[in-house]
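Protein sequence lines correspond, in order, to chains A and B.
Residue 1 is where the first sequence starts when you use full-length UniProt numbering, and the numbers rise one by one after that.
Residue 1 is where the second sequence starts when you use full-length UniProt numbering, and the numbers rise one by one after that.
Here a beta-carbon is modelled for each residue, glycine too, at the ideal position from N, C-alpha and C.
Quick caveat: nothing in here was measured; it's all calculated off a predicted structure.
There are 2 protein chains.
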Amino acid sequence: MSPRLQRAPGVTIGDIAAAARVSRSTVSRAFTRPQLLSPETVDHVRAVATRLGYVGNQAARALSTGRFGNIAVVVPDIANPFFPPLVRSLQSAAETADLAVFLGDSDESAEREAKLIARLAPQVEGFVLASSRLSEELIRELAATRPVVLVNRDLDGIPRVLIDSSGGMTEAVMLLKKLGHQRIAYLAGPRDSWSDQQRREVLTSAASGLAVEVIEVGRPSYAAGRDSVSAIVRSGATAAIAFDDVVSQGVLAGLELRGISVPSDFSLIGCDDTLAALTTPALTSVSAGAATAGTAAAKLLIQLLEDPTAECVTIATHLVIRATTAAVTDGAMR
Amino acid sequence: MSPRLQRAPGVTIGDIAAAARVSRSTVSRAFTRPQLLSPETVDHVRAVATRLGYVGNQAARALSTGRFGNIAVVVPDIANPFFPPLVRSLQSAAETADLAVFLGDSDESAEREAKLIARLAPQVEGFVLASSRLSEELIRELAATRPVVLVNRDLDGIPRVLIDSSGGMTEAVMLLKKLGHQRIAYLAGPRDSWSDQQRREVLTSAASGLAVEVIEVGRPSYAAGRDSVSAIVRSGATAAIAFDDVVSQGVLAGLELRGISVPSDFSLIGCDDTLAALTTPALTSVSAGAATAGTAAAKLLIQLLEDPTAECVTIATHLVIRATTAAVTDGAMR
DNA sequence: GGCAGTTCTGCAACCGGTTGCACTATCGTG
DNA sequence: CACGATAGTGCAACCGGTTGCAGAACTGCC
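Quick look at the structure:
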């Protein structure tokens, strides 16, 4: 069979107890509730522990306390540039609360997401589900079991962090109006994305007086953006707002292929501000503060671990104007 | 104090034992060593377990077996586009071996990396350290304790996955030669990066007959790339190879600012192929196969858990030619 | 019919912590 | 000086699994 497991020969509280000539309980308390012991005892035990290189066994601790000191963050695709900053700041915030972070990548599949969650559930205190693809039912079921924080998913009664695009979207529309555009396109993202739904609504209501053409691009990707250009041209729009920056970048490439130059012939605005400064020309985009959302989600979850009260954090957005927007030219698109 | 912990009311083997009218040992064996039980018992117990929604408690299992079913991957910066694909494929491979993945982001700091590792060590079976900033000594110390796989760090005797840039770098130099460039620049990355050291060496040895100017850009970032353009111009080079794609993108922006057009006035080659297709013009780059490296690292670690034999996996690279390279023009740079 | 050999199952100890409770000094007070 | 309060420590049970060992039931064979 498998080679007989030789346990890691870790130092246990038993060893310390023996070396310090106290009981195991005392060793345990020296770390968890020092106020119950005399200061000398605490010092002594801790000194011995340090000398022996003691590191508490998390599994054993978890077993008796029911606390694991771990949380999990699940994302649909860590390779999508929206998520790394989010995960990064989340892990950083978790670290300050001495929580370790499991990462799950569901590969955009609800099924895999459910599996990951089931696998992780027995060893985490709570979950952060970012842009979850799970059904509302499953999420509520999970949330009944343990603390769950959603990011960009709006389920009443479940703590969530929502990046509210309305501010930035409204500014975006206003800017285009001011620049004289009269017919604009919205390159819409996945139907089941809360962010897309919100952006759609805000855009159409803010765009009174403008003609708005909604073009579905499906899964937001570079290729999808590039391929949507023909539809954009057909729509007669002189400007577009895209579901995210990845799509925008595809659109930029597609426009270039057709010899349509940005921003003189066509204006483009992205969302999320993940790549914005990196495109050529630099993309005007609605900042989404993924990093802020990560921190907020971590804090919310940490707070939730102490006091299970539902809450909703909203993060405001604003427009970052760069080089892909300009006044509409006379001939508009040729 | 803290609200008295109400343990998660999870189903335990005790509950199943009672419901199935067998002992706890039998329940345990139904999952871990079914060959010891009669097939009917196994079926029966499993059926009951499923009906009750049993999920094994990982902490308890870990306590008695010493196996956690978790691994950790530590990266310097998950927001750097090289790492997400790596982490993604690593987690996917780990999943098939039923291992859960902890993610640590050291924020480019050796100290934080050490802290993360200490925090995670008591609950993981092994580590994948990607582009570790840790001292050789600390890494060896850790590796003595438990399985460690390094990515892009070359420590003799420690299992590691190395992305070998020599193939792609050589092709890159050959291409530039063929295009008639005679003076090229290398935009060098962090001194303590193994990848950078390797690229430097390969480049200088492959570039016999060419003048090579090494320009240090320090921490590889968009801004660093953009700001290095003046040094490039000063060097008189007509082409450059950059440490990574992020730097390249910065260089593209910097060149544009100066009105130097790519590739007609200047040729540029990146490394890692992380953003390559997304730039304008699309970047010629040395593919690094971060995703492949992630899978390889996971497999190596999994193998290492069974059979602790040091191994080294090397991943070959090649050049992907896109639109930022062209024959040198007469006037070269103005 | 008796006995050795298998196959299956249960008992009980153990992994390494935590914690309710009991016990013993020690102290302050009347 | 007696007595209750309080502080400090230890005992032992418990968390939820795993596993060595022993015993029961069944088989086959002499």
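For V87(B), at least one C-beta of chain A is nearer than 8 Å to its own C-beta.
For Q58(A), the neighbours in chain B by C-beta distance under 7 Å run, in chain order, P122 and Q123. Within the same chain, Cβ atoms closer than 8 Å to the Cβ of R133(B) are found at P76, S106, E108, S109, A110, E113 and D192, the five residues on either side in sequence being excluded. Comparing alpha carbon positions, the residue from A316(A), A323(A) and V328(A) closest to V161(A) is A316(A). Taking a Cβ-Cβ threshold of 9 Å, the residues of chain B close to Y222(A) are A277 and L278, in chain order. For A185(A), the closest alpha carbon among the candidates V217(A), L278(A) and A253(A) is that of V217(A).
In the three-state reduction of the DSSP assignment, R226(A) falls in the helix class, which pools H, G and I. Close CB contacts of V251(B) within its chain, under the 8 Å cut and outside five residues either way in sequence, are with L187, G225, R226, S228, V229, I232, A240, A242 and L268 (chain order). At a cut-off of 8 Å, the C-beta of S92(A) has a neighbouring C-beta in chain B. The continuous beta strand (DSSP E) containing G270(A) extends over residues S267 to D272.
When the five nearest sequence neighbours on each side are left out, the beta carbons in the same chain lying within less than 8 Å of the beta carbon of I321(B) are those of L175 and T284, in order along the chain.
Contact of D196(B) with chain A by beta-carbon distance below 7 Å is absent, the smallest such distance being about 22 Å. Against I78(B), the close residues of chain A are P84, V87 and R88, in the order they occur along the chain (beta-carbon pairs closer than 7 Å).
A contact is defined here as three or more CB-CB pairs under 8 Å, and the stretch 203 to 223 of chain A fails this definition with respect to the stretch 20 to 39 of chain B.
For L275(B), the secondary structure class from DSSP, reduced to helix, strand or coil, is coil.
Under the three-state reduction of DSSP, V87(A) is assigned to helix. Scanning the stretch 2 to 80 of chain B from its first residue to its last, the whole beta strand (DSSP E) runs of 3-plus residues come out as 70 to 75. Secondary structure in the stretch 179 to 255 of chain B: the beta strand (DSSP E) runs of 3 residues or longer, each lying completely within the stretch, are 183 to 188, 211 to 216 and 239 to 242 in chain order. The alpha carbon of S131(B) has as its nearest neighbour, out of A237(B), V148(B) and I16(B), the alpha carbon of V148(B). When C-beta distances to chain B are compared with 8 Å, the residues of the stretch 255 to 275 of chain A below that value are E256 and L275, in chain order.
Cβ atoms of A72(B) and L120(B) come within 8 Å of each other, at about 4 Å. Here DSSP, grouped into helix, strand and coil, assigns R112(B) to helix. As the crow flies, the alpha-carbon of P122(B) is around 14 Å from that of S64(B). A check of alpha carbon separations from G157(A) across D164(A), E141(A), S166(A) and E171(A) identifies E141(A) as the nearest. Per DSSP, reduced to three states, the secondary structure at S264(A) is coil, with no helix or strand assignment. Taking every protein chain shown into account, the CB of A144(B) has fewer than 16 other CB atoms within 10 angstroms, so this residue is exposed.
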